[in-house]
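Working notes for the structure below.
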Amino acid sequence: MTAVKPIVVGTDGSAESTRAVEWAAKEATLRKAPLRIVSTAELLPRMAGPAGFGDTGKVASIIKEGAVRALDAAAGRAAALAPEVYIDTDLLTGPAAISVCDCGSGAQLLVVGSRGAGPFTAMVLGSVSRYTAIHAACPVVVVREETMAVHRQIIVGIRHVNDCDAALAFAFEEAGLHKASLLAVHASQAPYTSYPYPPVPFSPVAAVNPAELARAEEAQSVAALEELLSGWRAKYPDVVANQDVVHGHPGRVLAGLSARADLVVLGRHGTNGVARVAHAVLSHAHGPVATVPSA
Numbered sequence: 001m002t003a004v005k006p007i008v009v010g011t012d013g014s015a016e017s018t019r020a021v022e023w024a025a026k027e028a029t030l031r032k033a034p035l036r037i038v039s040t041a042e043l044l045p046r047m048a049g050p051a052g053f054g055d056t057g058k059v060a061s062i063i064k065e066g067a068v069r070a071l072d073a074a075a076g077r078a079a080a081l082a083p084e085v086y087i088d089t090d091l092l093t094g095p096a097a098i099s100v101c102d103c104g105s106g107a108q109l110l111v112v113g114s115r116g117a118g119p120f121t122a123m124v125l126g127s128v129s130r131y132t133a134i135h136a137a138c139p140v141v142v143v144r145e146e147t148m149a150v151h152r153q154i155i156v157g158i159r160h161v162n163d164c165d166a167a168l169a170f171a172f173e174e175a176g177l178h179k180a181s182l183l184a185v186h187a188s189q190a191p192y193t194s195y196p197y198p199p200v201p202f203s204p205v206a207a208v209n210p211a212e213l214a215r216a217e218e219a220q221s222v223a224a225l226e227e228l229l230s231g232w233r234a235k236y237p238d239v240v241a242n243q244d245v246v247h248g249h250p251g252r253v254l255a256g257l258s259a260r261a262d263l264v265v266l267g268r269h270g271t272n273g274v275a276r277v278a279h280a281v282l283s284h285a286h287g288p289v290a291t292v293p294s295a
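Below you can see the structure in the form of C-alpha cells.
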C-alpha cells in the first residue's frame with residue numbers, strides 16, 4: 001500500500017502562522033493525509049555579533065525554546081481542529097527559507113503564512129513564503145490574514161492553454177474537496193502580448209480596427225478556455241467550472257478577484273514574468289494563494 005504524502009506547514013507562533021496551521025489541519029482532514037508541522041531556530045549572522053562579543057549560546061537557546069513552544073502550540077491547535085489526523089512536529093536547522101522549502105520534497109502540499117510575528121520576524125517569514133512559493137518541489141499555499149469568509153469558489157489563473165495542466169488539476173481537486181465552483185481566468189494587459197491559445201500570425205500591412213481586434217481576441221480566448229475546460233469537466237463532473245477573460249494586469253486582476261475566492265491557484269513556470277505575477281498576487285491577495293509547479 002502506498003503511503004500518503006504528508007501536508008507540511010511552517011509555524012513561528014505568529015497569528016498568521018497559526019492561521020496557516022489551521023488551514024493545513026483542515027486540508028489534511030479533507031485529503032486524509034498526515035500533518036507535519038515544522039519550525040526553524042535559525043541564528044542569523046548579525047545576531048552573533050563580533051567574535052567574543054555577547055552570549056551567542058544564550059541567544060540561540062532562547063530562539064530554540066521559542067520555536068519549540070511554537071511547535072507545541074501549533075500541534076495542540078491542529079489536534080483540536082483535526083483529531084483524526086496524524087500529527088508530528090520537527091525543529092529544522094539551517095537557513096529558514098531553504099529549510100522550509102526543502103520540506104516540500106516528498107510532501108503533497110506545503111503551507112506557510114505570509115508573514116510572522118513582529119517587524120523583524122515578519123521580514124524573515126515573508127522571505128520564507130516568497131522563496132517557497134517559487135522554489136518548492138510541491139504546491140505551496142501562502143495563507144494570508146483574510147481567510148475567514150467561505151465563498152465556495154476556487155479561482156485559477158490561466159497563462160496559456162498549453163501549459164496549465166498542473167495548476168488546473170490542483171484547482172479542480174481543491175474545488176472537489178471543498179464542494180466549490182471553479183473559475184478559470186485569463187488576464188491580458190494588451191493585445192498581442194499574452195495569449196491563452198497559440199496566436200494567429202499578424203500581418204502589419206492589413207488595417208485592423210483596434211476595437212474589432214480586441215473583440216476578436218477576447219472571443220478566441222473564451223473559446224480556447226471553453227475547449228480547455230470541457231475535458232476537465234468530464235474528469236470532475238461534480239465541479240461547476242466557468243471561464244472569464246479580463247483585460248488588465250494579471251497580478252492586479254487575480255488579486256482583486258481573490259476577495260471572492262477561497263483560494264487562488266497560479267501555475268509556476270519559472271519565468272520572470274510569471275514570478276512577478278505571483279509576487280503581485282501573493283502581496284495583495286485577500287486570502288490564500290497556491291502556486292503549483294509545472295508537471
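The sequence shown begins at 1 in the numbering used here and counts up by one.
From the three backbone atoms N, C-alpha and C, an ideal C-beta is built for every residue, glycine too.
Note that the structure is a prediction, hence the values are computed from the model and not measured.
Task: Nearest residue (CA-CA) to T18, options V185, V38, V4 - done: For the purposes of this step, residue 18 is taken as residue 18 along the sequence shown, with counting starting at 1. Ranking V185, V38, V4 by Cα distance to T18 puts V38 first.
Open item on the list: Taking the beta carbon of R159 as the centre, do at least 16 other beta carbons fall within 10 Å, making it buried, or is it exposed?
Closed with: Position 159 of the sequence shown holds residue 159. Around the CB of R159, 16 or more other CB atoms lie within 10 Å, so the residue is classed as buried.
- [ ] With DSSP as the reference, please indicate the residues paired to A187 in a beta bridge.
- [x] In the sequence shown, residue 187 corresponds to position 187, counting from 1. DSSP output for A187 lists V246 as bridge partner(s).
TODO: Using alpha carbons as the reference points, say which of D163, T132, Q189 lies closest to G104.
DONE: The residue given as residue 104 occupies position 104 in the sequence shown. When each option's Cα is compared against that of G104, the closest is T132.
Task: Span of the beta strand (DSSP E), counted from its first residue to its last, around R36 - done: Translated into the one-based positions of the sequence shown, residue 36 becomes position 36. Counting along the chain, the unbroken beta strand (DSSP E) around R36 starts and ends at 35-40.
TODO: Would you tell me roughly how many angstroms separate the C-alpha atoms of A15 and A73, rounded to the nearest one?
DONE: For the purposes of this step, residue 15 is identified with residue 15 of the sequence shown, where counting begins at 1. For the purposes of this step, residue 73 is identified with residue 73 of the sequence shown, where counting begins at 1. Computed Cα separation, rounded: 11 Å.
- [ ] With a threshold of 16 other CB atoms inside 10 Å of the CB of V150, please say whether the residue is buried or exposed.
- [x] Taking the sequence shown and counting its residues from 1, the one referred to as residue 150 is at position 150. So V150 counts as exposed.
TODO: Report all residues from its chain with a CB closer than 6 Å to the CB of V289; omit the five preceding and five following residues, and keep chain order.
DONE: The residue you call residue 289 lines up with position 289 of the sequence shown. Listed in chain order, the non-local C-beta contacts of V289 below 6 Å within the same chain comprise V142, V264, V281, L282, local neighbours out to five positions each way being set aside.
- [ ] Specify, as a first and last residue, the run of the alpha helix (DSSP H) that R268 falls within.
- [x] Here the question's residue 268 lines up with position 268 in the sequence shown. Residue range 263-268 is occupied by the beta strand (DSSP E) that includes R268, with no alpha helix (DSSP H) assigned at that position.
Open item on the list: Would F172 and Y236 be called neighbours here (beta carbons separated by less than 8 Å)?
Closed with: Position 172 of the sequence shown holds residue 172. Position 236 of the sequence shown holds residue 236. Contact: yes.
- [ ] Determine the burial state of P83: buried for a count of at least 16 other Cβ atoms within 10 Å of its Cβ, exposed for fewer.
- [x] By one-based count along the sequence shown, residue 83 stands at place 83. Here P83 is exposed. Its C-beta has fewer than 16 other C-beta atoms within 10 Å.
Open item on the list: Using only the alpha-carbon positions, how far apart do I154 and A223 sit?
Closed with: Residue mapping note: residue 154 aligns to position 154 of the sequence shown, counting from 1. Residue mapping note: residue 223 aligns to position 223 of the sequence shown, counting from 1. Using only the alpha carbons, I get a separation of about 21 Å.
Task: CB of A169 within 8 Å of CB of P293, strictly - done: As a working note, residue 169 is residue 169 in the sequence shown. As a working note, residue 293 is residue 293 in the sequence shown. The answer is no: Cβ separation not under 8 Å.
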